Amino acid sequence: MDIAALGIYAALFLALFFEVILLISFFEKRPVGKTSALPSRYPSVAILVPCWNKGATLAPTIHSLLDLDYPKDKLNVVIIDDGSTDNTWEVAQQFVNEPQVSLYQKHNEGSKYAALNFGLARSDSELVGCLDADSFVDKDAMTEMAKAFEEDASVMAAAPSMKVNQPRNLLELMQATEYTFGIFFKKMFDNMAAISVLPGPFSIYRRSLFDKVGTFRKAYHTEDMEMAFRMHAHHLKIVNVHTAIVTTNVPNTVPALIRQRTRWSRGFLENSRDYSYMYLNRKYGNFGMLVLPVGLIGFIAALYSAIYIVYNLVSALVLKALSFVQTGLPLHWPSIRLDWFYVDTSMMLFLTLAAMVMTLVAVLIGQRIANTKLGFKHIASYFLLFGFVAPFWLARAVWDTVLSSERGWLT
Amino acid sequence: MPWQKYTLAFLITAAIFGTAFYLTNRLDARRLADIRTTQEAVSIDILSTETQFELLGNLDCTAISSNPVLSDELNNLAGRLSVAEENLGSTNAEVVQLKKQYSLLEIKDYILMKQISQKCPKVKFVSVLYFYSNEGNCPDCGRTGDVLTYLRQTYPGLRVYSFDFNLDLSALRTLISLNKIDGSNLPAMVINNRATVYGFKNLDDMQKLIPELKTLATSTAATTTSAK
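Protein sequences appear in the order of chains D and E. Residue numbering for the first sequence follows our numbering, starting at 1 and increasing by one per position. Residue numbering for the second sequence follows our numbering, starting at 412 and increasing by one per position.
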């Protein structure tokens with residue numbers, strides 16, 4: 001057997017092992033659907049909306065917050081214009097007379113964490129949330145969050161279910177499927193007490209958390225991930241409130257997507273290094289024993305697989321081209337043999353299909369959890385595109401980490 | 412720490428791997444069985460033609476030439492063996508066994524066609540005995556195989572008999588010694604019983620080496636059986 005292929009089998013084993021664990025978690029504890037129950041008390045909430053050049057989407061974001069089914073005297077929206085150079089501040093002015101809205105402008109410090117801490121210091125609510133200025137919440141999202149904090153006093157932070165806002169092009173459709181898969185695995189991480197990120201769109205924190213562990217840090221422009229890591233380090237509880245739905249705009253071009261994901265991937269690598277003591281440390285439960293090691297090995301395995309595939313593809317093409325030059329044979333398309341005998345039935349193919357089927361099952365479960373609907377185009381885009389684009393941001397993240405190059409969160 | 416869950420997941424994953432391994436092996440075994448069946452059919456066909464030839468002698472060449480012998484079946488077998496060799500490896504005992512049977516069938520077909528063409532001049536017999544090695548000592552064998560495959564597809568009447576030089580088969584060893592093939596200088600080709608040609612030849616060279624190709628009908632319907 002090709003020795004290099006052993007690495008691919010190892011990667012497939014890891015991928016299947018991880019998906020099986022998630023599916024076992026699902027069958028152990030299935031997510032309960034939304035109920036009509038209301039919280040007995042509505043805690044005060046401040047939603048921080050940091051924005052840099054979000055003039056195009058700020059207004060609908062704020063309207064979605066103002067439309068929340070939540071007592072108006074308990075909900076404060078804090079808009080922090082983080083040194084925008086577009087019309088963000090003008091757009092924000094339309095809310096200047098809204099009693100629920102506070103407006104602030106600050107000098108940009110190069111990373112989102114500073115804007116969040118700025119807002120944190122200017123609010124005094126019981127719960128603090130953040131919402132990226134290109135995301136939109138469902139009407140009952142905050143009520144669902146409040147219920148989760150009321151049901152369990154030990155919950156210190158909660159992450160929502162995230163959907164893609166009106167996906168149109170192939171890249172957005174691909175991400176719509178990816179986010180739906182994310183809904184499934186975030187819930188399963190919750191079952192295992194191992195949520196690894198509190199995303200910018202509508203994660204909610206108990207204010208006392210910041211007294212215990214401190215405020216947001218720059219953390220390689222992934223303050224949301226670092227906060228989750230820090231909470232695990234302090235054994236503080238994070239849950240996923242799958243009934244709290246937020247929709248978000250996603251990058252619609254390949255360069256923008258690669259920039260965003262490079263930041264996320266690099267954040268994982270750098271934060272992993274800073275919290276390396278949690279790796280394979282039983283004290284940190286599934287987060288230390290499973291999520292961190294599998295995340296890192298998965299990262300390496302995905303890169304290795306991409307290099308393996310590209311190397312084989314390029315060498316086959318080069319050999320073919322050389323053969324044509326040397327043999328003098330005319331160019332022709334390889335003929336298709338409609339005979340089962342010539343169909344690839346390798347073990348690698350069956351294992352790849354098994355991993356794809358399990359991913360599909362996870363996506364379908366994610367659909368049910370968040371009551372969303374994906375079409376054939378969404379799913380086909382994911383399976384056809386994701387494997388091609390993901391290696392770019394993984395490779396770039398490694399490159400940036402090795403060179404310690406600073407790209408900033410805005411790029 | 413839920414070790415039980417991890418262990419269960421590990422076992423399920425191992426079971427998925429086991430199932431994939433089993434399926435692959437089952438299908439490869441079916442492929443080998445398929446090759447065996449085809450070889451048996453080819454063997455019967457060759458025997459039948461031999462018998463027919465012996466019965467008729469050179470009295471009725473039309474009956475012989477209206478039953479062209481087995482070129483497609485042999486080509487088909489070559490392609491199938493090539494897939495089996497790729498999947499199971501060239502050292503797999505069953506693959507080696509099937510290659511031996513295939514080589515024997517080729518030799519029998521070659522001898523028979525030679526006899527038929529001598530007695531029936533109307534039967535065109537243009538042959539290439541092609542000796543290759545897949546033990547890493549023949550860098551030109553792949554490209555030579557590509558050229559021969561192309562020629563065979565273009566000229567269905569061209570009979571390319573490809574032999575793995577290293578196959579341990581006494582009939583093949585005899586064919587090799589009769590043609591005085593030098594194994595250190597592969598690829599080697601014996602074209603229409605002429606002197607052995609060594610080394611890689613591109614399409615132009617090959618067409619010059621086989622002027623009889625001009626007498627053969629061409630085909631546009633290409634098949635893609637491998638000459639190696």
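Ideal Cβ positions, reconstructed from N, Cα and C, are used throughout, including at glycine. Since the model is a prediction, treat every value here as computed from it, not as a measurement.
> Are the segment 175-184 of chain D and the segment 368-375 of chain D touching by the rule of at least three beta carbon pairs closer than 8 Å?
Replying inline: Counting C-beta pairs closer than 8 Å gives three or more between the segment 175-184 of chain D and the segment 368-375 of chain D, which meets the contact rule.
> Going straight from the alpha carbon of Ala-431 of chain E to that of Tyr-70 of chain D, what length do you get?
Replying inline: Distance between the alpha carbons of Ala-431 of chain E and Tyr-70 of chain D is about 53 Å.
> How many angstroms separate the CA atom of Val-571 of chain E from the CA atom of Asp-557 of chain E?
Replying inline: If you take the alpha carbons of Val-571 of chain E and Asp-557 of chain E, they lie about 12 Å apart.
> According to the Cβ coordinates, are Ala-193 of chain D and Gly-288 of chain D closer than 8 Å?
Replying inline: No, Cβ-Cβ distance for Ala-193 of chain D and Gly-288 of chain D is not below 8 Å.
>> Can you look up Asp-274 of chain D in the DSSP assignment and give me helix, strand or coil?
In response: Asp-274 of chain D: helix per DSSP, three-state reduction.
> Which value, in whole angstroms, describes the spacing of the CA atoms of His-232 of chain D and Met-225 of chain D?
Replying inline: Taking C-alpha positions only, His-232 of chain D is separated from Met-225 of chain D by approximately 11 Å.
> Which residue from D:Asp-152, D:Arg-273, D:Met-162 and D:Leu-329 puts its Cα closest to that of Thr-248 of chain D?
Replying inline: Nearest option by C-alpha distance: D:Met-162.
> Closest to Leu-349 of chain D by CA distance: which of E:Leu-434, E:Asp-456 and E:Ile-446 is it?
Replying inline: Ranking E:Leu-434, E:Asp-456 and E:Ile-446 by CA distance to the CA of Leu-349 of chain D puts E:Leu-434 first.
>> Do Ala-390 of chain D and Leu-14 of chain D have their beta-carbon atoms positioned less than 8 Å apart in this structure?
In response: At least 8 Å separates the beta-carbon of Leu-14 of chain D from that of Ala-390 of chain D.
> What in chain D is Cβ-close to Asn-613 of chain E, meaning under 7 Å?
Replying inline: What Asn-613 of chain E touches in chain D: Gln-326, Thr-327 and Gly-328.
> Do you know how far the Cα of Leu-170 of chain D is from the Cα of Trp-353 of chain D?
Replying inline: The residue you asked about is not Trp; residue 353 of chain D is Leu in the sequence shown. Put simply, the backbone Cα of Leu-353 of chain D is about 22 Å away from that of Leu-170 of chain D.
>> Does the CB of Leu-499 of chain E have a neighbour CB from chain D at under 8 Å?
In response: Chain D contact via Cβ: absent.
>> Please tell me whether Met-142 of chain D and Leu-75 of chain D are closer than 8 Å, where the distance is taken between their beta carbons.
In response: A contact, by the Cβ cut-off of 8 Å.
> Is the Cβ of Ala-354 of chain D closer than 8 Å to any Cβ of chain E?
Replying inline: Output row for Ala-354 of chain D: interface = yes.
>> If contacts are defined as beta-carbon pairs under 8 Å, then Asp-82 of chain D and Ala-115 of chain D qualify, I think. What distance do you get, rounded to the angstrom?
In response: So it is a contact: roughly 4 Å between Cβ atoms.
>> Under 8 Å, Cβ to Cβ, is there at least one residue of chain D near Asp-557 of chain E?
In response: At least one chain D Cβ lies under 8 Å of Asp-557 of chain E.
> In the structure shown, what three-state DSSP assignment does Cys-552 of chain E receive?
Replying inline: In this structure, Cys-552 of chain E counts as helix in the three-state DSSP scheme.
> Checking contacts by CB at 8 Å: is Val-402 of chain D closer than that to chain E?
Replying inline: Not one chain E Cβ lies under 8 Å of Val-402 of chain D.
> What residue does the alpha helix (DSSP H) around Pro-160 of chain D start on, and which one ends it?
Replying inline: It is not in any alpha helix (DSSP H) - Pro-160 of chain D instead sits in the beta strand (DSSP E) that spans 155-164.
> Exposed or buried, which one is Gly-311 of chain D when buried takes at least 16 other CB atoms within 10 Å?
Replying inline: First, the residue type needs correcting, since residue 311 of chain D is Tyr and not Gly in the sequence shown. Its Cβ having fewer than 16 others within 10 Å, Tyr-311 of chain D is exposed.
>> Would Ala-157 of chain D and Ile-238 of chain D qualify as a contact pair, given that the criterion is a beta-carbon distance under 8 Å?
In response: Yes, they are a contact pair.
>> Strictly below 8 Å CB to CB, what residues from chain D border Tyr-521 of chain E?
In response: Taking a Cβ-Cβ cut-off of 8 Å, Tyr-521 of chain E has no neighbours in chain D, whose nearest Cβ is about 25 Å from it.
> Do Ile-24 of chain D and Asn-420 of chain E come within 8 Å of each other at the CB atom, strictly closer than that value?
Replying inline: Looking at the sequence provided, one finds Ala at residue 420 of chain E rather than Asn. The criterion of a C-beta distance shorter than 8 Å is satisfied by Ala-420 of chain E and Ile-24 of chain D.
> Whose C-alpha, out of E:Leu-458, E:Leu-562 and E:Ala-444, is nearest the C-alpha of Lys-519 of chain E?
Replying inline: Ranked by Cα distance from Lys-519 of chain E, the options E:Leu-458, E:Leu-562 and E:Ala-444 are led by E:Leu-458.
> Which one of D:Thr-57, D:Ala-176 and D:Glu-19 has the shortest CA to CA distance from Leu-385 of chain D?
Replying inline: Ranking the options by Cα distance to Leu-385 of chain D, first place goes to D:Ala-176.
>> Buried or exposed for Phe-388 of chain D, going by 16 or more other Cβ atoms inside 10 Å?
In response: With fewer than 16 neighbouring CB atoms inside 10 Å of its own CB, Phe-388 of chain D falls in the exposed class.
> Which residue's Cα is closest to the Cα of Tyr-541 of chain E: E:Pro-532, E:Arg-441, E:Arg-447 and E:Phe-576?
Replying inline: Out of E:Pro-532, E:Arg-441, E:Arg-447 and E:Phe-576, E:Phe-576 has the C-alpha closest to the C-alpha of Tyr-541 of chain E.
> Once you ignore the five residues that flank Glu-623 of chain E on each side, which residues in its own chain have a CB closer than 6 Å to its CB?
Replying inline: Correct list, in chain order: Val-537.
>> Using a Cβ-Cβ cutoff of 8 Å, what residues of the segment 426-442 of chain E are near chain D? List them in chain order.
In response: Against chain D - using a Cβ distance shorter than 8 Å - the residues of the segment 426-442 of chain E are Ile-427, Phe-428, Thr-430, Ala-431, Phe-432, Leu-434, Thr-435, Leu-438, Asp-439 and Arg-442.
> Does the beta-carbon of Phe-27 of chain D have 16 or more other beta-carbons within 10 angstroms, so that it is buried, or is it exposed?
Replying inline: So Phe-27 of chain D ends up on the exposed side.
>> Between the alpha carbons of Leu-562 of chain E and Leu-569 of chain E, how many angstroms are there, rounded?
In response: Taking the straight line from one Cα to the other gives about 8 Å.
> Would the beta-carbon of Thr-61 of chain D fall within 8 Å of that of Leu-131 of chain D?
Replying inline: Yes, they are a contact pair.
> So who's on the other strand from Thr-435 of chain E, going by DSSP bridges?
Replying inline: BP columns for Thr-435 of chain E are empty, so no partner.
> What's the gap between the Cα of Ala-412 of chain D and the Cα of Ala-133 of chain D?
Replying inline: This structure gives no information on residue 412 of chain D, because the portion of chain D shown stretches from 1 to 411.
> Along chain E, in chain order, which residues have C-beta atoms closer than 9 Å to that of Leu-116 of chain D?
Replying inline: Going along chain E, no residue has its Cβ under 9 Å from Leu-116 of chain D, so there is no contact; the nearest lies around 34 Å.
> Which residues of chain E have a Cβ atom closer than 7 Å to the Cβ of Phe-341 of chain D, listed in chain order?
Replying inline: Chain E residues near Phe-341 of chain D: Arg-442, Asp-445, Arg-491 and Val-494.
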